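Going down the list, the protein sequences come from chains A and B. The first sequence begins at 0 in numbering that gives the first Met the number 0 and counts up one residue at a time. The second sequence begins at 0 in numbering that gives the first Met the number 0 and counts up one residue at a time. A quick write-up on the structure given underneath.
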Amino acid sequence: MNEELWTNRNNPGIDPILHVWGWEIPVYLFLGGLVAGLLVLGGYRVMRQAFAPEAATQRAWPFAPMLGIALLSLGMFALFLDLGHKLHAWRMYLTFQVGSPMSWGAWILVLVYPALLAAAVLHPPERVPFGHALLARVKPWSEALQARPRLVLAVGVANMVGGLALGLYTGILLGSLGARPLWNSAILGPLFLTSGLSTAAALMHILSVVSERTGAAGPQGRFADALLAGFFRMLNPQAGGDVMLRADTSFVTLELLLLGLWLIGLGTATAVHKEAAQLVLSGAYAPAFWALVVVTGLVTPLILQAAELSGRIRHTLAPAVLVLVGGFALRWILVSAGQASHF
Amino acid sequence: MARLGMVIDTAKCVGCSDCVVACKAENGVPAGFFRDWLTESLRGRFPTPHLELRSERCNHCDDPPCVTCCPTGASHVHPWGGVILVDHDACVGCKACIASCPYNARFLHPEGYADKCTFCIHRVEKGQDPACVSVCPTRCMYFGDLDDPESEVSKLLASRRSHVLLPEAGTGPRVIYLTA
Numbered sequence: 000m001n002e003e004l005w006t007n008r009n010n011p012g013i014d015p016i017l018h019v020w021g022w023e024i025p026v027y028l029f030l031g032g033l034v035a036g037l038l039v040l041g042g043y044r045v046m047r048q049a050f051a052p053e054a055a056t057q058r059a060w061p062f063a064p065m066l067g068i069a070l071l072s073l074g075m076f077a078l079f080l081d082l083g084h085k086l087h088a089w090r091m092y093l094t095f096q097v098g099s100p101m102s103w104g105a106w107i108l109v110l111v112y113p114a115l116l117a118a119a120v121l122h123p124p125e126r127v128p129f130g131h132a133l134l135a136r137v138k139p140w141s142e143a144l145q146a147r148p149r150l151v152l153a154v155g156v157a158n159m160v161g162g163l164a165l166g167l168y169t170g171i172l173l174g175s176l177g178a179r180p181l182w183n184s185a186i187l188g189p190l191f192l193t194s195g196l197s198t199a200a201a202l203m204h205i206l207s208v209v210s211e212r213t214g215a216a217g218p219q220g221r222f223a224d225a226l227l228a229g230f231f232r233m234l235n236p237q238a239g240g241d242v243m244l245r246a247d248t249s250f251v252t253l254e255l256l257l258l259g260l261w262l263i264g265l266g267t268a269t270a271v272h273k274e275a276a277q278l279v280l281s282g283a284y285a286p287a288f289w290a291l292v293v294v295t296g297l298v299t300p301l302i303l304q305a306a307e308l309s310g311r312i313r314h315t316l317a318p319a320v321l322v323l324v325g326g327f328a329l330r331w332i333l334v335s336a337g338q339a340s341h342f
Numbered sequence: 000m001a002r003l004g005m006v007i008d009t010a011k012c013v014g015c016s017d018c019v020v021a022c023k024a025e026n027g028v029p030a031g032f033f034r035d036w037l038t039e040s041l042r043g044r045f046p047t048p049h050l051e052l053r054s055e056r057c058n059h060c061d062d063p064p065c066v067t068c069c070p071t072g073a074s075h076v077h078p079w080g081g082v083i084l085v086d087h088d089a090c091v092g093c094k095a096c097i098a099s100c101p102y103n104a105r106f107l108h109p110e111g112y113a114d115k116c117t118f119c120i121h122r123v124e125k126g127q128d129p130a131c132v133s134v135c136p137t138r139c140m141y142f143g144d145l146d147d148p149e150s151e152v153s154k155l156l157a158s159r160r161s162h163v164l165l166p167e168a169g170t171g172p173r174v175i176y177l178t179a
């Protein structure tokens, strides 16, 4: 037995429990995951176009790369605000530390910008509220790119690879900090990537519905069909306005499975890992975890989407909004509870 | 390369906090922050439990997670003695090292960089002991090369029962506690 009775250490941010990362990190992790999802889904669409140039694209998608650039910049700004030594941020780019996921992330963030920019140039929007002169300048570049299928393929691959790297690294970053048992799981990488894909699909579904006005008719199809075929049908241009809803159903289901695996992994590990799992299962963070992440962010959208896809209820944007809320809550609660977990 | 470490005799520690005060004075540790501190814990099992007073600090681990996770290389292993240090200019204040330390030995200095015990490397390089070791009124703290079998710390470890903090974390702490 080694039970600590008292200590006179009282360092700000450390005691009584670690709380060095505030709102900035969950905001960054959420936005980074969202952009990772946009990169993967958008990159896949671009790759399809390289093989089938006649495939029509939905109206919302040309906005996706620019939306990605804006959201990623917002996330990086949150990350910048979190730094203690802000004027030294450039030091990240004087080195590459192979063992540090944060160093990998810093370089991945820089490398995904050109990929997003290339995707934006490849498919500029037909109409924009401002910047018409810039759009006119981009058009020739866009046509030149579209005439070269190999380049289109390269843009698609760059977006997909960049998205996978960005989505995975955010989870691996937390998972590599072995001193925090709640994060100490390799599942966090795939979990954050899947959550990023589900939130990106939810966001694009909202944008598709808003921009194409397909909400009135609503999506049609069987829930099981969406679940099984979602991955393969989600980006089929002929699949109609419910493609992102189907994709989201698959991603949310996968996310639930990964969340379960993560908790099983912790619950079957050492005493400190079991204690860490209790923080979200029945401890201080349990109400928020169950209410916001599991019920609001995963189970409710899944039930609503199942009912919508089987035609039982009218289609609304509620499930997509709930998925976005759940995606943010997942990061927020994991960052907070993870810091509270210790050896 | 020497492997510098600290051996602390918990049977002689009276919890006077001189080590804490000496560290703050020697290193200009800002008000409200601590590079070293005192902890009292209950160790052992019934019917022979005992209270243990310990002076704690960065454990200057053999396998330091704070160095591995640092994105800029600011957290590094000093080439002489293997002491874990932070290059204040290279540190961006991302706090990954603080979260990676199972001992919560680091903190964010008000000037924005990660800070912690340095084993008073500026004194050690001149052949002196760390400030905390030199002021201890009961002489319960010892400093030296753990790899040198003739050093005082090695001899103490060979002759007494000892333990480290959180051995299950697998970091190889180099602050070692002698027990009664």
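Glycine included, C-beta positions come from ideal geometry on N, C-alpha and C. Since the structure is predicted, the reported quantities are computational estimates derived from the model, not experimental observations.
| field | Inter-residue CB distance, A:L244 and A:Q304 (contact presumed, cutoff 8 angstroms) | value | Taking 8 angstroms as the upper bound for CB-CB distance, A:L244 and A:Q304 are in contact here, some 6 angstroms apart.
| task | Enumerate in chain order the residues of its own chain whose CB-to-CB distance from A:F62 is below 7 angstroms, with the five nearest sequence positions on each side excluded. | result | P124, L206
| request: Could you tell me whether the Cβ of B:R160 comes closer than 7 angstroms to any Cβ of chain A? | output: Output row for B:R160: interface = no.
| C-alpha distance - A:T213 paired with A:G264, whole-angstrom precision | Because A:T213 sits at a pLDDT of 42, beneath the cut-off of 50, its placement in the model cannot be relied upon, and the point is left open.
| query | Going by beta carbon distance, what residues of the same chain come within less than 8 angstroms of B:I7, once the five residues before and after it are set aside? | reply | Only R53, S54, C139, M140, Y141, V174, I175, Y176, L177 meet the Cβ criterion.
| Candidates A:R149, A:F29, A:L134: which alpha carbon is nearest A:F50's? | A:R149
| field | Proximity below 7 angstroms, CB of A:R179 to CB of B:W36 | value | no
| Residue from B:G143, B:K94, B:D146 with nearest C-alpha to A:G12 | Comparing alpha carbon positions, the residue from B:G143, B:K94, B:D146 closest to A:G12 is B:K94.
| message | According to DSSP, is A:R126 part of a helix, a strand, or is it coil? | response | coil
| task | Determine the direct distance from the alpha carbon of B:K115 to that of A:L404, and round the result to whole angstroms. | result | Chain A is shown from 0 up to 342; residue 404 of chain A falls before or after that span and cannot be answered.
| request: Determine the direct distance from the alpha carbon of B:L107 to that of B:H130, and round the result to whole angstroms. | output: For the record, residue 130 of chain B in the displayed sequence is Ala; it is not His. C-alpha separation (whole angstroms): 22 angstroms.
| request: Mark A:M46 as exposed unless 16 or more other C-beta atoms lie within 10 angstroms of its C-beta, in which case mark it buried. | output: buried
| query | Would you say B:A10 faces chain A, with C-beta separation under 7 angstroms as the test? | reply | no
| request: Confirm, please, whether the CB-CB distance from A:L257 to A:I186 is below 7 angstroms. | output: yes
| query | Who pairs with B:M5 in a beta bridge, going by DSSP? | reply | B:F142, B:V174
| B:V91 CB to nearest chain A CB: under 7 angstroms? | yes
| field | Secondary structure of B:R160, DSSP reduced to three states | value | coil
| task | Could you work out which residues of chain C lie near A:M0, taking near to mean beta carbons separated by less than 8 angstroms? | result | Here the protein chains are A and B, and chain C is not one of them.
| query | Which one of B:A1, B:L165, B:E25, B:C12 has the shortest CA to CA distance from B:C119? | reply | B:E25
| task | Have a look at B:T9, B:L84, B:K11, B:R34 and flag the residue whose alpha-carbon is nearest the alpha-carbon of B:D61. | result | B:L84
| field | Test item: CB-CB of B:T71 and A:T94 under 7 angstroms | value | Yes, they are a contact pair.
| said: Contact criterion: CB-CB distance below 7 angstroms. Does A:Q237 meet it with respect to chain B? | reply: Because A:Q237 carries a pLDDT of 43, less than 50, the predicted location of this residue cannot be relied on, and no value is offered for it.
| Between A:P15 and A:I68, what straight-line distance do the alpha-carbon atoms span, to the nearest angstrom? | 38 angstroms
| field | Inter-residue Cα distance where the pair is A:H272 and A:H341 | value | The alpha-carbon atoms of A:H272 and A:H341 are separated by roughly 9 angstroms.
| request: Return the chain-ordered list of same chain residues with a C-beta closer than 6 angstroms to the C-beta of B:M5, the five sequence neighbours on each side being excluded. | output: F142, V174
| field | Nearest-angstrom Cβ-Cβ length linking B:P48 and B:R56, presumed shorter than 8 angstroms | value | Going by Cβ atoms, the distance from B:P48 to B:R56 rounds to 25 angstroms, so no, they are not a contact pair.
| message | Can you check which of these residues, A:W89, A:Y43, A:S197, A:N183, is closest to B:A168 by C-alpha distance? | response | When the alpha-carbon of B:A168 is set against those of A:W89, A:Y43, A:S197, A:N183, the nearest one is in A:N183.
| query | Shorter than 7 angstroms from the beta carbon of A:T315 to some beta carbon of chain B? | reply | no
| said: Between B:D114 and chain A, is the shortest Cβ-Cβ distance under 7 angstroms, so that the two count as touching? | reply: Not one beta carbon of chain A lies nearer than 7 angstroms to the beta carbon of B:D114.
| What is the rounded straight-line gap between the Cα of A:R232 and the Cα of A:L167? | Per-residue confidence for A:R232 stands at a pLDDT of 45, beneath the threshold of 50, marking its modelled position as unreliable; no derived number is given.
| message | So, for A:A319: in the same chain, excluding its five sequence neighbours on each side, which residues have a beta-carbon less than 6 angstroms away from its beta-carbon? | response | Cβ neighbours of A:A319 beyond the five flanking positions: A201, H204, I205.
| query | When the cut-off is 7 angstroms and only beta carbons count, does B:L156 lie next to chain A? | reply | no
| Taking all protein chains shown into account, do 16 or more other C-beta atoms lie within 10 angstroms of the C-beta of A:W103, making it buried, or fewer, making it exposed? | buried
| Residue of A:W261, A:A153, A:L181, A:V137 minimising C-alpha distance to A:L190 | A:W261
| query | So which residues on chain B does A:R8 lean against when the C-beta distance must stay under 7 angstroms? | reply | F33, W36
| query | For B:G72, which residues in chain A fall below 7 angstroms Cβ to Cβ? | reply | T94, Q96
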